[in-house]
Amino acid sequence: MSAASTAESADFRGPLDITRAATVVLDAESTVVGWSPAAAELLGYRPAEVLGRPLSAFLSVRPVGDTPPAESSGTTTADIGPPSLVGNEIHVARARDGRELLVATATCPLPGGAAGNGAGAPDRILVAAEVRELRHWESRLALLHGLATQSPVGLAIYDTDLRLTWSNTAYEREIGQPLATFRGKRADELYSGGSFVTPGYPQTLDGVMHQVLDTGEPILDLHFRGQQPSDPGRDHLWSCAYYRLEDAHGHVFGVCEDAFDITDRYRVQERLTLLVEAGRRIGTVLDVATTAEEIAEVAVPDFAATVRVDVTRAAVTGETAAVGSPADMSLLRVAERSDPGPAAPDPGLLDSGQPEPAVPEPPASARAAPDPAVPDAALPEPAASDPPVSDPSGSDSAAPARLAPGPAASDPAAPDLAAPDSIAPAPAAPETDPRTARGSAGPGDDRHPYPPVVYPPGSPQNRSLSSGGLVLDEGTLVVPLRTGGGILGLVTFDRGVRPDASGRTPAPDRATTFDNGEVALADELAARAAVCIDNARRYTRERTASLALQRQLLPHHLPPQSAVSTAYRYLPADDVTGVGGDWFDVIPLSGTRVGLVVGDVVGHGLQAAATMGRLRTSVRAFAQLDMAPDELLTRLDDLVGQPAEDRLDAYGGAVETYDVTTGATCLYAVYDPVSRRCVMARAGHLPPAIVDPDGRVSFPDLPAGPPLGLGGLPFESMECDLPVGSLLALFTDGLVEARDHDIGHGLDTLGRVLGDRSASLEELCDRAVSELVPGGTSADDTALLLVRTRELDAERVADWELTAEAVSVSRARELATGQLEAWGLEELVFATQLVVSELVTNAVRYAGGPLGLRLIRDRTLVCEVADTGHTSPHLRHSAEDDEGGRGLFIVAQLVQRWGTRYTPTGKTIWTEQALPPAGED
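Yeah, the sequence shown ends on 923 if you go by the numbering used here, and it's all consecutive.
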């Protein structure tokens, strides 16, 4: 803004003020007898051009909007008389250059007038100004009037002694008195105890005003905190501006103060800042306890004096959020934080398993802001010097809750919650901070870090749990941690007023209850915390699942087998973890045989999956011993039926848990691609489906043994021939049994799907799942394993029968050498000769005939020597002076692996050697 425009804006003379308006002196006949310089500037006429001329030559007769007299009655402009220009009116003025201007006019008669002086004597004065200037001046007057009477900004003028001389209506409302009662007082007298909180400026009103008076520099947007005289006991915040006042001659006569109450805006900004801080600080790690501590740290002391976070036991252990009545929810005190103060309450949680002391309940006037979940008997006994503490809620309707028994006493199966970040409340701490209170328990103190709490009926927390919504009870606000239709816990915000050391309740700097905006803020804080806690709960759950199943998962890839081609599908009922109690496996065995297994553990989820992993590992271990199917199930049944070891809960106590291993079912089959025979046995499991090469489906009448762990009946196996290209389907009951149909319908549907010989195994798996498990989920885990049989070509197998004589050793070497040369495996001749010589020699020496020698050229070279003995050779290390015992050791060094397989007529010693690169197909 230029200096000229600044000076003009500071000129409050009106446009019709005679000192600045266009002034015309008229006689009684409205003839111009005087012409001011301002008039000459406005209309462009010099005085010599207008003196003696009628006023109508320059100004319209009628005001704008009226009908001119010449048009209405034929009167000429020469007849203009004095009444036509009397008053403050708007006329059209004609300038010398032909322009027409709208001007506002006013007349003022002169004393005596023309009556005493005759014609040509001054009779009255007419002043004129452009209408736009008048409107601008009137706007400025209206602005000043509005600032003085209607503006919400408090305006006050102080003289050079800093005494108030004038204020507007808004300032009077803040003081609560009319101006006359406080005029002349100093600002520090009106707002005693207040101070500026903006850094870099004096803190007092006098200091700021003196700085403005001395420097002349205005100060803008200073934040002043204090109590409004008309609203004592509640802090307000104003945005203030100060500037020096000078008269027209530049003399300083005071300072002006503009003050606007921004308390509500500041609190909204505080809430937004709190939300930003919550987004930055809550949920930094995937841990339930740490997240609960973070929300307490964010909210105290800026939002509440005390914050308590209670989380369900299920959320801490990673289980699903609780849904149901309050009785179904076991809450744990995970975090608590209070604003430091001389009488900050201590929860005084009881040690687990310790009896409550019989302490009489103190009167309501002596109780210290009780936590509804903490028994009064558990609060520390006040010292003689301790002041009485009032109940901030002011309500004694709900009796204090009793602590639930400690986990070791009431919940033997409770998991171990003693995490490193746990809370150990310290009774003597002036501030209940979970982070600083850890580890405060002394030696031998078995107090649980997350003590259980039970809220009595009628308490705000109990009402919140019952309704699932937030509850506001005077200075206590309870907000549930909701997620996915369930409740993860509660957050209690408490604004109870704490007395000082003398017992006097100090004036609070904020309201002791929560307004609607703060309730919405608390709900948003709890919602964000609930999302973070739920994420931590899910992480805990999935991490637990990973740790339990990392070595016991189902096979994600089945290695290719020469005996069969396979395809499979697995659909767990628990889609959160992706694991369940059903399992399947394809186990390579000696002699190019393959073991096929499918099983079902009672239930589903993590515990069933862990049991499944143990059973699957046991089956693989027994299968590597080349056990027959019935013998393998017998050994597995014995293993499952053994008494379970005593299990300890998280607190060292013995617990009784249902062993999901008992009642598990299993089907085990062994297929030999050389003989095309399959031997199978089952323990309470459904029989497999067999589809012959012509597409006929059958479910063999396989003897049904009892489920594992029940005992009482032996397991029986069945042997059958499977032509090349036969389809063998092993499945669990979750595939064929559902709520909407019985198992017979499911078996029929499965047989119809598998009867399509033109479809591949993968297509058959997809069709079976889509028809039997629509939607991809079922009430039970589902496993399906499809196997199509193959046969080894006769050119890949060579077998001979030998007598149990010494000459058979050389004969065996010759036969093996010739066959290897025929297969082009000359590189393996030397090692194979040694293996055959050792195995045949042992058979001749320690067993009876006839002997069998078989070579199989598959992915490895298999060498088998069969005899009628039932004793297995053992690998041993011979001493330096021993003459024998080194043969089997040498064999073990030459082959990849070796073992013994028992048959109805004796045993078979087998070895496997890797094929040279040139010898692989």
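Even glycine gets a Cβ: it sits at the ideal position worked out from N, Cα and C.
Exercise for the section: Mark Ile745 as exposed unless 16 or more other C-beta atoms lie within 10 angstroms of its C-beta, in which case mark it buried. Expected result: exposed
Exercise for the section: For Phe701, name the three-state secondary structure that DSSP assigns. Expected result: coil
Practice task
Can you have a look at Tyr848 and say buried or exposed, based on whether 16 or more other CB atoms are within 10 angstroms of its CB?
Solution key: exposed
Handout entry: Three-way DSSP call (helix, strand, coil) for His559 in this model
Key = coil
Problem - Close-in-space but distant-in-sequence residues of the same chain around Pro708 (CB under 7 Å, 5 per side omitted) - result: Ala685, Gly686, Gly714 and Leu715
Practice task
Check Arg678 in the structure and name its three-state DSSP category.
Solution key: coil
Handout entry: Those runs of the alpha helix (DSSP H) which lie wholly inside the stretch 119-206 and span at least 4 residues
Key = 133-151, 171-177, 181-184 and 189-192
Handout entry: Backbone CA spacing between Tyr570 and Thr293 [nearest angstrom]
Key = 42 Å
Handout entry: Neighbourhood of Ala24 by C-beta, 6 Å cutoff - its chain only, sequence neighbours within 5 removed
Key = Ala40, Ala41, Leu44 and Ala130
Practice task
Would you decide whether His872 is buried or exposed? Buried here means 16 or more other CB atoms lie within 10 Å of its CB.
Solution key: exposed
Problem - Segments of 4+ residues assigned as alpha helix (DSSP H) that fall wholly inside the stretch 808-876 - result: 809-825 and 831-848
Problem - Minimum C-alpha distance to Thr167 - residue among Glu174, Arg185, Gly122 and Val693 - result: Arg185
Handout entry: Under the three-state DSSP convention, the category Glu51 falls into
Key = helix
Problem - Beta carbon of Gly736 nearer than 8 Å to that of Asp584 - result: yes
Handout entry: Bridge partner(s) assigned by DSSP for Arg798
Key = Per DSSP, none; premise fails for Arg798.
Exercise for the section: For the stretch 788-805 and the stretch 830-838, state whether three or more C-beta atom pairs, one from each stretch, are separated by less than 8 Å. Expected result: no
Handout entry: Buried versus exposed, by CB contacts within 10 Å (16 or more), Gly498
Key = buried
Problem - Distance, Ala532 Cα to Pro451 Cα - result: 21 Å
Practice task
Would you kindly check if the distance between the Cβ of Val811 and the Cβ of Val846 is under 8 Å?
Solution key: yes
Handout entry: Residues near Asn2 in its chain [Cβ-Cβ closer than 8 Å; skip 5 each side]
Key = Beyond the ends of the chain as shown, which are 3 and 923, falls residue 2; an answer cannot be given.
Problem - For Asp674, the nearest candidate out of Ile692, Ala691, Pro725 and Asp632 (CA to CA) - result: Pro725
Practice task
For Thr907, I'd like the list of residues in its chain whose CB is within less than 7 Å of its CB, leaving aside the five on either flank, ordered along the chain.
Solution key: Thr870
Exercise for the section: Identify, in the order they occur along the chain, each residue of the same chain with its Cβ nearer than 6 Å to the Cβ of Thr905, setting aside the five sequence neighbours on each side. Expected result: none
Handout entry: Cutoff 6 Å; reference Ser197; Cβ partners in own chain excluding five residues on either side
Key = Gln205
Practice task
Look at the alpha carbon of Cys767 and the alpha carbon of Val642, and state the distance between them as a whole number of angstroms.
Solution key: 31 Å
Practice task
Spell out the partners DSSP gives Met589 in its beta bridges.
Solution key: According to the sequence displayed, residue 589 carries Ile and not Met. Partner(s): Gly597.
Practice task
Run the CB neighbour count on Leu145, radius 10 Å, all protein chains shown included, and call it buried at 16 or more, exposed below.
Solution key: exposed
Handout entry: the stretch 628-638 / the stretch 689-701 touching (three or more Cβ pairs under 8 Å)
Key = no
Practice task
Would you kindly work out how many angstroms separate the C-alpha atoms of Arg310 and Ser332, rounded to a whole number?
Solution key: 16 Å
Handout entry: Assigned secondary structure, Glu219 (DSSP; H/G/I helix, E/B strand, else coil)
Key = coil
Exercise for the section: Starting from the Cα of Asp161, find the closest Cα among Glu174, Pro234 and Tyr245 and give me that residue. Expected result: Tyr245
Practice task
Alpha carbon to alpha carbon, how far is Leu787 from His747? Give it in angstroms, no decimals.
Solution key: 20 Å
Practice task
Report all residues from its chain with a CB closer than 6 Å to the CB of Thr568; omit the five preceding and five following residues, and keep chain order.
Solution key: Leu560, Val588 and Val789
Problem - Cβ of Val199 within 8 Å of any chain B Cβ - result: Considering every chain present, this structure includes no chain B. It has just one protein chain.
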